[in-house]
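Engineer: Quick one: structure below, then a few questions.
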C-alpha cells in the first residue's frame with residue numbers, strides 16, 4: 518500500500534538502494550503481493566463464510582494481507598535515504614487522510630440512514646475520532662491500519678540511523694519486536710492450553726512481558742516492516758529463474774496455516790470456522806510464517822512476461838483508494854449480497870463478493886482522482 522505521491526520503484530539489476538519514479542524497472546512481485554493483499558483485505562471484511570475447515574483456512578490466508586503490506590512498504594522505504602522532512606510529510610499525510618476519511622464516512626452514513634443527526638453527539642464524535650469507535654455508521658474498524666502505519670513512521674528515523682550505522686542492528690530491532698509480540702502471544706497460548714490441561718489454570722508471561730515491553734502495541738508491524746526490507750535485500754541478490762527456494766517457502770505457507778488451525782483447535786476445540794477468531798492474529802507465529810513464505814515465494818517468481826502484469830501494476834497503484842473506499846460499499850451493499858441468503862455463505866461466495874467490491878472501489882477511486890483536490894486524500 519503506497520502512501521505519498523508517485524510510485525517508488527527499484528532497479529533490481531543494481532540494488533534496492535537505486536530508487537526511481539515511473540513504471541520501468543519495477544519489481545513486479547511487489548505489485549503482485551500488494552494486489553493479492555488488497556483482495557484479501559476486502560475478502561476478510563464483512564465476512565460471508567460457512568462453518569467449514571476451508572473457510573478457516575481461507576480466513577487465516579487472508580490474515581497475511583496486512584503483514585504483506587508492511588513488508589512491501591519496508592522494502593521500498595528502507596531502500597531510500599529519507600530525510601526527516603520527508604518522513605514528517607508522510608506522517609502528516611497519512612494522519613490527514615485518516616481524519617478526512619473518518620469525516621467523509623459520517624455524511625455517507627447519514628444519507629444512507631444508518632445514523633441520524635440525533636446520534637451525532639459531541640460524546641459520540643469524541644469516541645469516533647479519538648477512540649475509533651463505531652456508532653452505527655460506516656464501519657471504521659479497518660482504519661486501525663493507519664494508526665499502525667503512523668507508528669512505523671514515528672520509528673522510521675531510528676530504524677534508518679541503525680541501518681546506516683550498523684545494518685546488523687536491524688536484525689536486533691526485528692528480533693526484539695519478534696520476541697515481545699509473537700513470542701509473548703505464543704508463550705501465552707501454549708501456557709494457557711497446557712496450564713489448564715495439566716494444572717487447572719493458565720500459565721502466562723503477560724505480567725513479565727508488560728514490564729519489559731518495548732516499541733509499543735504496534736511493534737509486530739515494525740517487525741514486518743524491517744523483515745520485508747531484509748528479505749527484499751536478500752531476494753535482490755538471488756539469480757533469476759532458480760527454484761530451490763520455492764519448496765521451503767511453500768512449506769512455510771502450509772506450516773503457517775497448519776499452526777493457525779492447531780491454535781484455533783486449542784482455543785475452540787475444532788479446526789472448522791465457528792465465527793469466532795483468535796486474539797492478536799497478526800502476532801501469531803503461523804501468520805508470520807505464512808506471510809514470510811508468501812513474500813519469499815513471490816520474490817522467486819519471474820513475472821517479466823506474465824500477461825497479468827498490467828492488471829497487477831494498475832491495482833497496486835490504487836490499493837490506498839480501495840482501502841478507504843471498500844468499507845463504504847461493503848456496508849451499503851451488504852443487504853443485497855447477504856440479506857436473507859445466509860445459506861449461500863461460502864468461500865466462493867465470499868470471493869465473489871470481494872471481487873465485486875474491489876472492482877467498484879477501484880473504479881470509484883479512478884473517478885475521484887480526476888476531481889481536483891480529491892486526489893490528495895487517496
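Residue numbers (my numbering): 518 to 895. Don't be surprised by glycine CBs; every beta carbon is placed ideally from N, CA and C.
1. Could you give the distance in angstroms between the alpha-carbon of residue 765 and the alpha-carbon of residue 809?
2. Find out if the Cβ-Cβ distance for the pair residue 793, residue 785 is shorter than 8 Å.
3. Please list the segments of the alpha helix (DSSP H) lying wholly inside the stretch 802-866, counting only runs of 4 or more residues, in order along the chain.
4. Quick one: give me the first and last residue of the alpha helix (DSSP H) that residue 788 is part of.
5. Go through the stretch 621-658 residue by residue and report every complete run of the alpha helix (DSSP H) that reaches 4 residues or more, in order.
6. If we call anything under 8 Å between Cβ atoms a contact, is residue 547 one with residue 592?
7. Among 732, 746, 774, 799, which has the Cα closest to the Cα of residue 684?
8. If you drop the 5 nearest sequence neighbours on each side, which residues of the same chain put their C-beta closer than 7 Å to that of residue 924?
9. When burial is assigned at 16 or more other CB atoms within 10 Å of the CB, is residue 677 buried or exposed?
10. Would you say residue 748 and residue 816 are within 8 Å of each other, going by their C-beta atoms?
11. Taking just the CA atoms, how far does residue 840 sit from residue 882?
12. Rounding to the nearest angstrom, what Cα-Cα distance links residue 588 and residue 804 in this structure?
13. What would DSSP say about residue 662, mapped onto helix, strand or coil?
14. For residue 760, name the three-state secondary structure that DSSP assigns.
15. Buried or exposed, going by whether 16 or more other CB atoms sit within 10 Å of the CB of residue 579?
16. Out of 894, 824, 598, point me to the one whose CA is closest to residue 836's CA.
17. Is the Cβ-Cβ distance between residue 738 and residue 573 less than 8 Å?
18. Can the beta-carbon of residue 632 be found closer than 8 Å to that of residue 654?
19. Looking only at its own chain, which residues have a Cβ that is under 6 Å from the Cβ of residue 812, when we skip the five neighbours before and after it?
20. Does the separation of the CB atoms of residue 656 and residue 777 fall below 8 Å?
21. Excluding the 5 residues flanking residue 775 on each side, which residues of the same chain have their C-beta closer than 8 Å to its C-beta?
22. By a C-beta neighbour count over all protein chains shown, 10 Å radius and 16 as the cutoff for buried, is residue 744 buried or exposed?
23. State the start and end residues of the unbroken alpha helix (DSSP H) segment that holds residue 557.
Structural biologist: Reading off the structure:
1. 11 Å
2. yes
3. 802-816, 826-833, 836-854
4. Neither: residue 788 is in no alpha helix (DSSP H) and is coded neither H nor E.
5. 639-647
6. yes
7. 746
8. As displayed, the chain neither begins before 518 nor continues past 895, which places residue 924 out of reach and without an answer.
9. buried
10. yes
11. 10 Å
12. 13 Å
13. helix
14. coil
15. buried
16. 894
17. no
18. yes
19. 588, 748
20. no
21. 803
22. buried
23. 545-561
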